[in-house]
Every structure is written in C-alpha cells, then in structure tokens.
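Take a look at the structure below.
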Ligand SMILES: Cc1ncc(COP(=O)(O)O)c(C=O)c1O
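Residue numbers (the numbering used here): 4 to 390.
Here's what the structure looks like:
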C-alpha cells in the first residue's frame, strides 16, 4: 500500500511537508523506497541503527518474544528482562549495576535528573552549552539550543550551562548545591564535539569533591558507535549515572538509566514507566547486545571511522572548516549551510543528517559495507568539491 504522506501532507504532527523518500524496507545500511529505489543510510536514525535495519538476530528475538509474552510490568520476574539486564551490566564497570528501563532517550535523561535530585537532596543541574539531552521538560532544561527551549519556557528551574571543554568554567559552576553534572562525551546534535583529554577526568574530580553526581548521556554515543562499547571507556572515567537509548535494543524503542548501588540507596520517592522494561524491548536488547559483542562492532566503528575521517580530511579547506568526531560519529563543519548539500546527497541516494546549521553529520550503521561507505564518501567529496 502506498504511503499517502509521499503524495500529500501527512497528518503527522510537525510534518514540514517537504517531500521525502517513502521508505518501505531496509537491510543493513540499505533502505528502499516504494518505487524500489535503493538508498544508503548514513544517519541510522540519529544512531538508532548501529546494527542496521532489521538485524536478523533482533528480528528473530522479537518474533519469538511476541509469540510468548508481549507485555508484563516490572512488578513480576520476567526471565528475558533479567537476561538483558545481566548482559548489560556485565558490559559495564562493576559499580554501574542498577538499571532503570524506559522507552526513549529523553525518558532516560529525565530519570537521571530525578534520581540525582532525590539522591543528593539538591536541585542544581549543570550541563554543557551545545549539549542535547531530549525534549521532555526536564531533559529540555538540560538541552542548550535556544530555539528548542524558548517556546516552552519557563522550563524547570535550577539548570545552568557552561562552555563544553572548559575545565575552569565547570569547576566554578559545580559546587555544593549541585545535584548533577550532565555531559555527552561526544556532543552529537550540538555539532559533533569530542571531549578534550582531561575534561571528563576533571568533571569526575570536581563532582566527587563537592558531592555532586556525574552523569554521562550516551544516548547517541553508546553501544560501539565511537570505537568503544561506551564512549566514556576511552577516557577511563566512570560516571555515577549513564543514560542509554537509541541503538540499545537494535531498533526497538528503549531507554536505560544506569547507576550505582550507592546512589540507589540514597534515592527517595519513586519513578516508574508502564512500558519500561517490557519483554519485547528486553528480548531485542539482549539480542542486540549479544550481536554487538559477538561481532566486536566497536572495532569496526573505529576502523571505518578512521578511514572515513582520513578521506574527509582532504576536503577543500575553502569549503570545509573542520572534520571531527570519534569512530563512526563524524561531523564535517562547512563554511556554509548544510541543507543544500543534504538535499543533493539525497537526490543521489545517500541519506545523511545535519548537526546544527552548518555541520554534516555522518553516523551510518556500524555494519555498513565498505562499498556503500566509499560510495557515500565519494558523493560527499564530489558535491563539496563542486562548489
Ligand atoms: C545525547 C542525547 N540525549 C538524549 C536524546 C533524546 O533521545 P530521544 O529522542 O530518544 O528522546 C538524544 C536524541 O538525539 C541524544 O542525542
């Protein structure tokens, strides 16, 4: 059946009406529209598709689980949930072993904020300029971009923003009234900015000194994307709170807020989500994590990311200000708006993303085959070189 959205404006709230490919099928990094045209996905739905579209082991796990038990709340023992949680905490540093499950990145952040406020008895949250943490009111209060915040003000009080990678600003802002310092190890939506060496260690030291909690938002960087299973591993800095979502369940909606027993012991009040930890998402998550580990996908992300970065580093400096990123989370900052380039790439069959007005963001599925990645890079080189 054809998607009416491709012919006239769809009823989806917020739909801009700009005609976009109407996608009906996917495999790995390949997507097909309803006319049978093939596209290469260089955006993986903002990092959801680290395992690509329809990863076979996730599809099989979902099919099996759907036939056995589709839903059951967290009040019951559900073996598939236990298996998934055991697998997840088995991949994390030993003290990160308490997990709250939800359904999206913003919910994972929302839970982190509530846990930090409750466990510390403090209200202040420090986040970074250019940071993105989601769009529910708490997570939006931690998000930096003015256009996203302003229409919904007043937001939650107590949030302040400091320049990313500025240790002095962070040290000054985080004090004895701070509940949570929330950072992305690599800022994704904000333009692909990587934490400088020493920055996260300074964040750890300052939060420990003043009794604040350190939260890493790895909703976009998590699960092998940056060349490590979790980006924070690169710097050897362990947070008190870790938020995950996007690719965690291989394409099925999920959110996770991971913390320590020490933090859990200080948590007062309650937090809950009806669908959080549902058997379907847990089965998908267990299968997805098992596939990532089996295939050591972080190594592939590192190798393909280095290759892509090296190629992109030869783009003409009169059009490109900087190429940056880690693993297969790369940003190409142009000296002009990125929207026309994205449209030209789409016409050529390559679907990429912006990160702000001037940054081309590449975060393809980690399973992308080398020919598709090479073809995508060639298209970018040709379009940018064309002027
Ligand atoms: C770092 C980060 N945190 C939170 C979110 C919000 O996730 P979701 O869209 O699943 O609510 C995003 C989404 O892009 C993100 O990149």
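A virtual CB, placed ideally from N, CA and C, is assigned to each residue, including glycine.
For the pair residue 278 and residue 139, the Cα-to-Cα distance works out to about 17 Å. The alpha-carbon of residue 234 is positioned some 33 Å away from that of residue 157. Considered as a whole, the segment 192 to 271 harbours 216 to 220, 244 to 247 and 258 to 262 as its complete beta strand (DSSP E) runs of no fewer than 3 residues, in chain order. Here residue 73 is exposed, its C-beta having fewer than 16 other C-beta atoms within 10 Å. If you draw a straight line from the Cα of residue 109 to the Cα of residue 283, it is about 20 Å long. The shortest CA-to-CA distance from residue 303 to any of 370, 86 and 328 is the one to 370.
Linking residue 30 to residue 313 through their CA atoms gives a straight-line distance of about 27 Å.
Collapsing the DSSP output to three states places residue 387 in a helix.
Classified as exposed, residue 38 has fewer than 16 neighbouring CB atoms from the shown chains inside 10 Å of its CB. Nearest Cα to residue 240 within the set 326, 227, 209 and 251: 209. By the criterion of at least three beta-carbon pairs nearer than 8 Å, the segment 339 to 351 is not in contact with the segment 60 to 72. For residue 378, the three-state secondary structure derived from DSSP is helix.
Rounded to the nearest whole angstrom, the C-alpha separation of residue 294 and residue 193 is 29 Å. For residue 42, the enclosing beta strand (DSSP E) starts and ends at 41 to 44.
Residue 340 holds the alpha-carbon nearest to the alpha-carbon of residue 360 among 344, 340 and 379.
Note that the C-beta distance between residue 316 and residue 323 is not below 7 Å.
Per DSSP, reduced to three states, the secondary structure at residue 298 is coil, with no helix or strand assignment.
Residue burial annotation: residue 242 is buried, with at least 16 other C-beta atoms found within 10 angstroms of its C-beta.
The C-beta of residue 202 has 16 or more other C-beta atoms within 10 Å across all chains shown, which makes the residue buried. The DSSP-derived three-state label of residue 36 is strand.
Cβ neighbours of residue 179 within its own chain (closer than 6 Å, five residues either side excluded): 213. Secondary structure at residue 60: helix, using DSSP grouped into helix, strand and coil. In this structure, the beta-carbon distance from residue 146 to residue 135 falls below 7 Å.
Close CB contacts of residue 12 within its chain, under the 8 Å cut and outside five residues either way in sequence, are with 18 and 20 (chain order).
Rounded to whole angstroms, the separation of the alpha carbons of residue 43 and residue 380 is 11 Å.
Distance from the C-beta of residue 222 to the nearest heavy atom of ligand 1 is below 6 Å.
Per DSSP, the continuous alpha helix (DSSP H) segment holding residue 345 begins and ends at 342 to 350.
In this structure, the beta-carbon distance from residue 246 to residue 188 does not fall below 7 Å. Cβ-Cβ separation between residue 23 and residue 285: approximately 32 Å, too far for a contact (criterion under 8 Å). For residue 164, the shortest separation between its Cβ and any heavy atom of ligand 1 does not lie below 6 Å.
The beta carbon of residue 204 sits closer than 7 Å to the beta carbons of 238 and 240 from its chain, once the five residues preceding and following it are set aside; these are given in chain order.
If you look at residue 142, you'll find it in the alpha helix (DSSP H) that goes 140 to 145. According to the DSSP secondary-structure assignment, residue 357 is paired through a beta bridge with 363. Burial is judged here by how many other beta carbons sit within 10 angstroms of a residue's own beta carbon; residue 200 has fewer than 16 and is exposed.
The segment 216 to 230 makes no contact with the segment 163 to 170; the number of CB pairs closer than 8 Å stays below 3. Beyond the five residues adjoining it in sequence on each side, residue 90 comes within less than 6 Å, by CB distance, of 289 and 292 in the same chain, given in chain order.
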